[in-house]
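Number 214 in full-length UniProt numbering belongs to position 214 of the sequence shown; there are no gaps in the numbering. Please read the structure below before turning to the comments.
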Amino acid sequence: MTQKAMLCPRCRQLIGSEESVCSWCGAQRSSAWWRPTAWVQGGVDGAWLVKAIITVNIIIYAFSIILSMGRGNAAGLLSMLSPDQTGLMLLGATGTVPIDGYNGYWTVITANYLHGGILHLIFNLMALRQIAPWVTQEYGPGRMFVIYTLGGVCGYLVSYLAGVPFTIGASGAICSLIGSLLYYGRSRGGVYGATVFREVSGWVFGLALFGFIMPGINNWAHGGGIVGGIVLGLLLGYDERNKENALHRLLALLCAGATVGLLGWRIFVLVTLGIGH
């Protein structure tokens, strides 16, 4: 998706994402048309938000590594870069074990920011870095974060209903972003909509293939995230039909508050109790 298509903010015609000048109306990306529309409203805020999500994922991963090292699980390089299951459980991994065994219903949020190893983290953040700006462009930063958060919750709820005992990772939330783009492409139609739908369908196919080939992949969370993203895209709408409003921003703030509050609570409890030392 490095060469994905986009719309010119001035004439709304389909152009390449790498074009510096619109071939239809001649608007330059450095002009006033691009700055307030593409970068300030959707790009600057959206870029900051994507960086914030990535940063939180990295911080939580680093804390999980420190927690596991404190528990004596640092034999070998791979072990050092892979938090242990106990540490992940304490930080908020989800599944039937945490939810049924410990009433950890809140883990459907926190598990989206936990990763089982450095490669797991890198692959998810690379995918997020590609997809989240695209969703921000079409939905706005607030709705993107609502889809990311609630779509991830949907993925883990489906995973829980399927009986998955223990699971973590941002892939369900990322799949919800993919689902929202599937809905956008199909709903919008036209050349651009068809292009979006075709490119994102390739991601879905790749995820399905990867999920069946590689062991340990939570396909239930992936599928639930995609369906959740489609439904949320339908309910929230996208910019061309319904501009992002105060309600969308309020929902985003509630999602951010719940995420930061739950993750901060777990870190505070573990640090206060000195678990892992």
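Every residue, glycine too, gets a C-beta built ideally from N, C-alpha and C.
request  = Taking all protein chains shown into account, decide if GLU19 is buried (16 or more other Cβ within 10 angstroms of its Cβ) or exposed.
outcome  = Within the sequence shown, residue 19 is the residue found at index 19, counting from 1. GLU19 is exposed by the Cβ-count criterion.
task = Return helix, strand or coil for VAL97, following the three-state DSSP convention.
result = Here residue 97 refers to the residue found at position 97 of the sequence shown. DSSP places VAL97 in helix when its eight states are reduced to three.
message = Using the three-state DSSP reduction, which class does GLY261 fall into: helix, strand or coil?
response = On the sequence shown, residue 261 is found 261 positions in, with the first residue counted as 1. Note: GLY261 maps to helix in three-state DSSP.
inquiry  = Are the CB atoms of ILE168 and LEU114 within a distance shorter than 8 Å?
reply    = As a working mapping, residue 114 is identified with position 114 in the sequence shown. As a working mapping, residue 168 is identified with position 168 in the sequence shown. The answer is yes: Cβ separation under 8 Å.
Per-residue DSSP class, three states only, for GLY16 = Taking the first residue of the sequence shown as position 1, residue 16 is located at position 16. Here GLY16 sits in strand by DSSP.
inquiry  = Nearest by alpha-carbon distance to ARG266: which of THR96, VAL97, LEU49 and ALA111 is it?
reply    = Your numbering for residue 266 matches position 266 in the sequence shown. Minimum Cα distance to ARG266 is reached at ALA111.
ask   = Is VAL21 helix, strand or coil by DSSP?
value = Working through the sequence shown from its first residue, we reach residue 21 at position 21. Reduced to three states, the DSSP call for VAL21 is strand.
task = With distances taken Cα to Cα, identify the nearest neighbour of ALA52 among ALA93, ALA132 and GLY95.
result = Stepping through the sequence shown from its first residue, residue 52 is reached at position 52. Checked all of ALA93, ALA132 and GLY95; the closest Cα to ALA52 is ALA132.
task = Tell whether a beta-carbon distance below 8 Å holds between ASP239 and TYR160.
result = Locating residue 239 in the sequence shown gives position 239, where the first residue counts as 1. Locating residue 160 in the sequence shown gives position 160, where the first residue counts as 1. Against a cut-off of 8 Å, the Cβ pair of TYR160 and ASP239 comes out as no contact.
Same chain only: Cβ atoms within 6 Å of GLY87, ignoring 5 sequence neighbours per side = The residue given as residue 87 occupies position 87 in the sequence shown. For GLY87, where only same-chain residues beyond five positions count, the Cβ hits under 6 Å are SER64, LEU67 and SER68.
key: With 16 other Cβ atoms within 10 Å as the buried cut-off, status of VAL269   = The residue given as residue 269 occupies position 269 in the sequence shown. VAL269 should be labelled exposed.
task = Only counting runs of 4 or more residues, tell me where the alpha helix (DSSP H) segments fall wholly within the UniProt domain "Peptidase S54 rhomboid" (104-237), in order along the chain.
result = 107-110, 118-139, 141-161, 171-188, 190-213 and 219-236
query = According to the neighbour-count rule (16 or more other Cβ atoms, all chains shown, within 10 Å of its Cβ), is TYR102 buried or exposed?
reply = What you label residue 102 is simply residue 102 of the sequence shown in a count that begins at 1. The residue in question, TYR102, is exposed, as its Cβ has fewer than 16 Cβ neighbours within 10 Å.
request  = Indicate whether TYR156 and GLY172 have their beta-carbon atoms separated by less than 8 Å.
outcome  = Residue numbering aside, residue 156 sits at position 156 when the sequence shown is read from its first letter. Residue numbering aside, residue 172 sits at position 172 when the sequence shown is read from its first letter. Taking 8 Å as the Cβ cut-off, TYR156 and GLY172 qualify as a contacting pair.
inquiry  = Could you check whether ILE147 and GLY229 sit closer than 8 Å to each other, using their CB atoms as the reference points?
reply    = Along the sequence shown, read from residue 1 onward, the residue named residue 229 stands at position 229. Along the sequence shown, read from residue 1 onward, the residue named residue 147 stands at position 147. Contact flag set, yes.
inquiry  = Just verifying my parser: in three-state terms, what is the DSSP assignment at SER68?
reply    = The residue given as residue 68 occupies position 68 in the sequence shown. Three-state result, SER68: helix.
request  = Classify residue 282 as helix, strand or coil using the three-state DSSP reduction.
outcome  = In the structure displayed, the chain extends from 1 to 277; residue 282 sits before or after that span and is not available.
inquiry  = Here's a check: name, in chain order, each residue in its chain whose Cβ is nearer than 8 Å to the Cβ of LEU262, leaving out the five neighbours to either side.
reply    = Looking up residue 262 in the sequence shown gives position 262. Within the same chain, LEU262 has close Cβ partners GLY92, TRP106, ILE109 and THR110.
message = Taking only three categories from DSSP, how would you classify GLY92?
response = In the sequence shown, residue 92 corresponds to position 92, counting from 1. Looking at GLY92 - three-state DSSP - the assignment turns out to be coil, as it is neither helix nor strand.
query = So what does DSSP say about TRP39, is it helix, strand or coil?
reply = Position 39 of the sequence shown, counted from the start, is the residue given in the question as residue 39. Reliability fails at TRP39, whose pLDDT of 36 lies under 50, so the model's placement of it is uncertain and no value is given.
request  = Tell me whether THR136 is buried or exposed, calling it buried when 16 or more other Cβ atoms sit within 10 Å of its Cβ.
outcome  = Locating residue 136 in the sequence shown gives position 136, counting from the first residue. It counts as buried.
request  = Report the three-state DSSP secondary structure of GLY46 (helix, strand or coil).
outcome  = Residue mapping note: residue 46 aligns to position 46 of the sequence shown, counting from 1. Helix, per DSSP.
key: Nearest residue (CA-CA) to ARG249, options LEU49, VAL21 and GLY16   = Residue numbering aside, residue 249 sits at position 249 when the sequence shown is read from its first letter. When only C-alpha atoms are compared, the closest one is LEU49.
query = To the nearest whole angstrom, what separates the beta carbons of THR96 and GLY185, a pair I think is in contact under 8 Å?
reply = Taking the first residue of the sequence shown as 1, we reach residue 96 at position 96. Taking the first residue of the sequence shown as 1, we reach residue 185 at position 185. THR96 to GLY185, Cβ: 35 Å. No contact.
request  = Since I believe LEU128 is in contact with ILE174 (beta carbons under 8 Å), could you give me their beta-carbon distance rounded to a whole number of angstroms?
outcome  = Working through the sequence shown from its first residue, we reach residue 174 at position 174. Working through the sequence shown from its first residue, we reach residue 128 at position 128. ILE174 to LEU128, Cβ: 6 Å. Contact.
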